[in-house]
Amino acid sequence: MEENENFETAGREDILAGIIEVVEDLTQDWDLEFEGAINAETGLVGDLDFESIDIVEFVVAIEQYFKKRGLPFEELLMEEGRYVDEIKIKDTVDFLFKHLHG
Amino acid sequence: MHPTLLIGLDGATFTILDPLMEDGTMPFLREFVHGGSRAKLMSTPNPLTPPAWITLETGRTPGNHGVFDFIWAEERKSDHYFTLHNFRDIQCETIWSIVSRQNGHVCSLNYPMMAPPPPVAGCIVPGLVSWKHLRRNMHPKGLYDKFKALPGFNARELAWDFDLEKKAETGIPEEEYEHWVEYHIRREQLWFEITCYILKNEPWNLVSILFDGPDKISHMGYRFLDPAVFPKNPTNWEVKIRQLCLEFFRKLDGFMEEIVKIAGPETRVFMASDHGFGPSREVFRVNSWLHSKGYLTWKDLSQLESDKKKTAQRVIDRHFVLLDWKKTTAYARSATSNGIYIRVIGDSCLTGVKPENYESFRDQLITELQDVRDPETGMPIIKDILKKEEAFPGKNNKQAPDLTLVMRDHSFISIMDKKPILYKRPYVEGTHYPAGIFLAKGPGIRQGKIAPRMSIKDVTPCLMYSLGLDIPSDFEGKVPAEIFSENYFSSNPYKIGKETMPVGSGEQLPQAVPLTTDEEKEIYEQFKALGYVE
Chain C
29 MEENENFETA GREDILAGII EVVEDLTQDW DLEFEGAINA ETGLVGDLDF
79 ESIDIVEFVV AIEQYFKKRG LPFEELLMEE GRYVDEIKIK DTVDFLFKHL
129 HG
Chain P
67 MHPTLLIGLD GATFTILDPL MEDGTMPFLR EFVHGGSRAK LMSTPNPLTP
117 PAWITLETGR TPGNHGVFDF IWAEERKSDH YFTLHNFRDI QCETIWSIVS
167 RQNGHVCSLN YPMMAPPPPV AGCIVPGLVS WKHLRRNMHP KGLYDKFKAL
217 PGFNARELAW DFDLEKKAET GIPEEEYEHW VEYHIRREQL WFEITCYILK
267 NEPWNLVSIL FDGPDKISHM GYRFLDPAVF PKNPTNWEVK IRQLCLEFFR
317 KLDGFMEEIV KIAGPETRVF MASDHGFGPS REVFRVNSWL HSKGYLTWKD
367 LSQLESDKKK TAQRVIDRHF VLLDWKKTTA YARSATSNGI YIRVIGDSCL
417 TGVKPENYES FRDQLITELQ DVRDPETGMP IIKDILKKEE AFPGKNNKQA
467 PDLTLVMRDH SFISIMDKKP ILYKRPYVEG THYPAGIFLA KGPGIRQGKI
517 APRMSIKDVT PCLMYSLGLD IPSDFEGKVP AEIFSENYFS SNPYKIGKET
567 MPVGSGEQLP QAVPLTTDEE KEIYEQFKAL GYVE
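Respectively, the protein sequence lines represent chains C and P.
Note that our numbering has the first sequence beginning at 29, numbered continuously upward.
Note that our numbering has the second sequence beginning at 67, numbered continuously upward.
Structural data, given as structure tokens:
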């Protein structure tokens, strides 16, 4: 699915493809040791060395790409009042699938 | 459109620049001033980088553009969320967009909160962005690769260096002052080279570069720069650091000279700062004072498990408030806002002051604040206390503090749980003062004119007038007629045009993204490095 399309009816595969495109764009200059292709199992922190400031940029980039502002990202970033240690790409797919369709 | 160049000088003040022009450190600036007009430029009520530059970029005051601080925060029932402001939070149209939609080409370089960049005709290179996110936050796509091809381009130095700021967490050791100044000289050089590239290779009608080094050097080195503060019998080290600071300004002078030269003699050139600078000798620990008066209760950490207690203490040590919200009615959430927030019971705030008691509560607080005195002299330490609706009128002032404090030496407040409540600094540090600078030179500009004080909101209509465009009717400032020659001004009367366009997301406040403790730390370290917090 191309950027600029309506994601309100997007399936998980389209959402996954969009997230991967966003993450690849974010990290292209980072000189990461991570090898291989980014996929659903890739961890933003463990595999791609995301720091907290990168998460903030990630949130903005996701909202821009999927053209939806005000998504409740605390649901993705927090668990029982505490910040999660890792965010997998697939977690973000689940989160977006739930809220883009809402 | 008439070619127009704006050079932003973050934190520049005539207190520092005038002596540097006189002693030969800044010969270009001296010539520029003699050949043009100058005025003191008064900042926003809280003279701080984000609200002030956004006012200059929008022609609107903070109560309308909606930016009051570096951070955006919101109470949510029993917790407190905050995030960094970004472009999407600006509730008014910027001059980059206004000019762009009238078929002008604009270039905005190193301005804060310009990420994610708006799709203007021209170039946007935002400031205060990590190098890791510079590429995607430049407009148009492909601009980053053009810069990358330039000899000596270094994204890590051009952008905000988090690692370097981390080193400053406990204050910059004397042996690193030299490195600090040299680093900022290199940064300004990189922004200078990018500006030259833009001027030579991209179409433009309005170009603006913001040099932020004057602010950073002044925070660290004010005591070396202001002749009134510099010791009469300095140590060798103090002399050396002063010379380094002067070298920064000497280089900056050269960069500006070259930029103006490339822009060409037909270009009208303006220089402006977001605020001034001056000496700070004390810090008011406002949350400690609020606690002493019974308005604020610190979170009790004694009952927490050991590991949680350590985490909580780290949060406190890193400056962000950790309060018992059920027992807190008023608090300051950031040093940079210089403001006090009153917790009023409502949808997002379960405890606090009843709405019907808000006015009387606030008046009582003002009365007590007016009576905070220096224990040594008995003199009041707060010069002015501004109510939200007076300081920040407008439809987007929800994020503004209920009370803004203007300290007698314009210091930033401290929000930490520390004593004494009025801390006397061991040596003078630099802090933001309200009077910045405005300079203009070029066709139609008066020579050698010292104009009356201007407001930072006047710069935007001035730029529009220079370009030859109508002044939007909702701009809050005015064209400073005094800086233009009578002949030019009478033969080129300005026109008031249509209102600015509403921003796409103007009705919606930003989504709060809770920051991790690491991010809190990073932001805190930046603020600490800049002298915003103890």
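Note that CB positions come from ideal geometry on N, CA and C, so glycine has one too.
As the structure is a prediction and not an experimental result, all values here were calculated from the model.
The three-state secondary structure of V494 (chain P), taken from DSSP, is strand. With contacts defined by Cβ atoms closer than 8 Å, D76 (chain P) and D340 (chain P) form a contacting pair.
Sequence-ordered contacts of the region 72 to 83 of chain C with chain P read E79, S80, I81, D82, I83 [C-beta pairs closer than 9 Å]. According to the DSSP assignment, P345 (chain P) belongs to the beta strand (DSSP E) that extends over 342 to 350.
Identification of chain C residues near K198 (chain P) by a Cβ-Cβ cut-off of 9 Å yields L54, T55, D57, W58, E79, I81, D82, E85, ordered along the chain. Spatial neighbours of W355 (chain P) in its own chain (CB-CB distance under 6 Å, excluding positions within 5 residues in sequence) are listed in chain order as I487.
Counting only Cβ-Cβ distances below 7 Å, P182 (chain P) has contacts in chain C at V88, Q92, in chain order. Any Cβ of chain C closer than 8 Å to the Cβ of N176 (chain P) would place that residue at the interface, and such an atom is absent. The DSSP-derived three-state label of R399 (chain P) is coil. If you look at I511 (chain P), you'll find it isn't in any alpha helix (DSSP H); DSSP assigns it neither H nor E. Going by DSSP, S174 (chain P) is part of the beta strand (DSSP E) stretching over 172 to 177.
Interface residue (Cβ-Cβ distance to chain C less than 8 Å): N152 (chain P) is classified as such.
By the CB criterion at 8 Å, V419 (chain P) and D450 (chain P) fall outside the cutoff.
The residue from P:C189, P:N152, P:R167, P:I161 with its alpha-carbon nearest to that of P182 (chain P) is P:N152. Any Cβ of chain C closer than 8 Å to the Cβ of T160 (chain P) would place that residue at the interface, and such an atom is absent. With a threshold of 8 Å between beta carbons, T149 (chain P) makes contact with chain C. Proximity of the region 120 to 127 of chain P to the region 414 to 433 of chain P falls short of the contact definition, fewer than three beta-carbon pairs being nearer than 8 Å. Our two residues, K327 (chain P) and A139 (chain P), have alpha carbons roughly 44 Å apart in a direct line. Less than 8 Å separates the beta-carbon of N176 (chain P) from that of I275 (chain P). Within the same chain, and ignoring the five residues on either side of A118 (chain P) in sequence, the residues whose Cβ sits closer than 7 Å to its Cβ are S109, T110, D340, H341, I522.
Sequence-distant Cβ neighbours of R308 (chain P) in its own chain, meaning closer than 6 Å and more than five residues away, are F290.
Note on the region 242 to 317 of chain P: whole beta strand (DSSP E) runs with a minimum of 3 residues are 272 to 277, in chain order.
Cα atoms of N67 (chain C) and G74 (chain C): separation of roughly 13 Å, rounded to the nearest angstrom. Non-local beta-carbon contacts of G71 (chain C) in its own chain, meaning distances under 6 Å to residues more than five positions away in sequence, involve E114, K116 in chain order. Per DSSP, D53 (chain C) is not a residue of any beta strand (DSSP E); the alpha helix (DSSP H) it occupies stretches across 40 to 55. Taking one beta carbon from each stretch, the region 537 to 557 of chain P and the region 511 to 528 of chain P have 3 or more pairs nearer than 8 Å; the two touch. Three or more beta-carbon pairs separated by less than 8 Å link the region 481 to 496 of chain P to the region 280 to 287 of chain P, which places the two stretches in contact. Excluding the 5 residues flanking it on each side, V410 (chain P) has same chain C-beta neighbours closer than 6 Å at G418, V419, P421, Y424, in chain order. Secondary structure at W391 (chain P): helix, using DSSP grouped into helix, strand and coil. Between the C-alpha atoms of T81 (chain P) and F343 (chain P) there is a straight-line separation of about 8 Å.
For secondary structure counted as the beta strand (DSSP E) over 3 or more consecutive residues, the region 422 to 486 of chain P holds these complete runs in sequence order: 448 to 453, 469 to 473. Rounded to the nearest whole angstrom, the CA to CA distance from G360 (chain P) to N112 (chain P) is 26 Å. In the DSSP secondary-structure assignment, C158 (chain P) is not bridged to any residue. The Cβ neighbour count for V195 (chain P), taken over all protein chains shown within 10 Å, is at least 16; the residue is labelled buried. Taking the C-beta atoms as reference points, P184 (chain P) is found nearer than 8 Å to W162 (chain P). Rounded to the nearest angstrom, the gap between the Cα atoms of W197 (chain P) and K564 (chain P) is 38 Å.
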